[in-house]
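Heads up: the sequence shown begins at 1 in my numbering, then just goes up one per residue. C-beta atoms are modelled at their ideal positions from N, C-alpha and C, and glycine is treated no differently.
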Amino acid sequence: MEFNHFVLPFPRHMLALSNAPHRGGLTNASGFFFMMVPKNYSGDYKADCLAFERENGLENFVGFMTAADVGKVLSIARSGSVTTYVTAGITNPAIAGEVPPPWKPGTINLALVIEEGLTVGAMVNAIMTATEAKTYTLLKLGYNATGTTSDGIGVFAFEGEKEWAGTATELGLNIGRATRRALEESLGKWERTRGR
């Protein structure tokens, strides 16, 4: 079975901070990808992501995985210097601090590309702001969840001097707007794929 994927190369290297299964952590990246896997996936994610990168002629890419149909749920929104890319599936909703229900495949992946120069601290701040926007969007749409049990997030920016990306800043405002728009659109697409 052929799966849909999404690959975004950057015009030049960016600093990356993520919890991605492939090249997660703090690193330099040439781009990122959303790799679609079967709903019952139980493979070697490290080996499979590396194979995907090599088979597609990619190098130094950060890689996320999802069982959602990437071609149907991918949503992109831009606000100011921020572009947010989202693939959403929420069959395994969870609330932080509560025991999750039995696991089912489903992930919300957020990738934020920020065309500004940030410190690593500001990138952490950006993750916080995007997570707040994600949680607000889920609650606003009626999902009793703060996320899923397998969410992925990545922030990509140029290395620079901007130190803050919280909700009081222009950058934080743009992160919130782009993330909320992209996630709401992606969740709507995901619901339609389920026939709701």
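In the DSSP assignment, the residues bridged to Ser75 are Val86. Given a length threshold of 4 residues, each whole run of the alpha helix (DSSP H) inside the segment 118–181 is given here in chain order: 120–140. In this structure the segment 42–51 does not touch the segment 137–147; the number of beta carbon pairs closer than 8 Å is below three.
Apart from sequence neighbours up to five positions away, the residues of its chain that approach Asn28 with a beta-carbon distance below 8 Å are His13, Met14, Leu15, Ala16, Asn60, ordered along the chain. In the structure shown, Arg12 falls within a strand segment according to DSSP collapsed to helix, strand and coil.
Contact annotation, Leu183 with Ala88: C-beta distance approximately 6 Å; criterion of less than 8 Å satisfied. Burial is judged here by how many other beta carbons sit within 10 angstroms of a residue's own beta carbon; Glu159 has fewer than 16 and is exposed. Between Arg177 and the set Thr119, Gly188, Gly97, Leu112, the nearest pair of CA atoms involves Leu112. Bridge partners of Ala94 according to DSSP: Gly147. Around the C-beta of Val86, 16 or more other C-beta atoms lie within 10 Å, and the residue is accordingly described as buried. Secondary structure of Ala47 (DSSP, three-state): helix. Under the DSSP assignment, Thr66 falls in the beta strand (DSSP E) whose first and last residues are 61–66.
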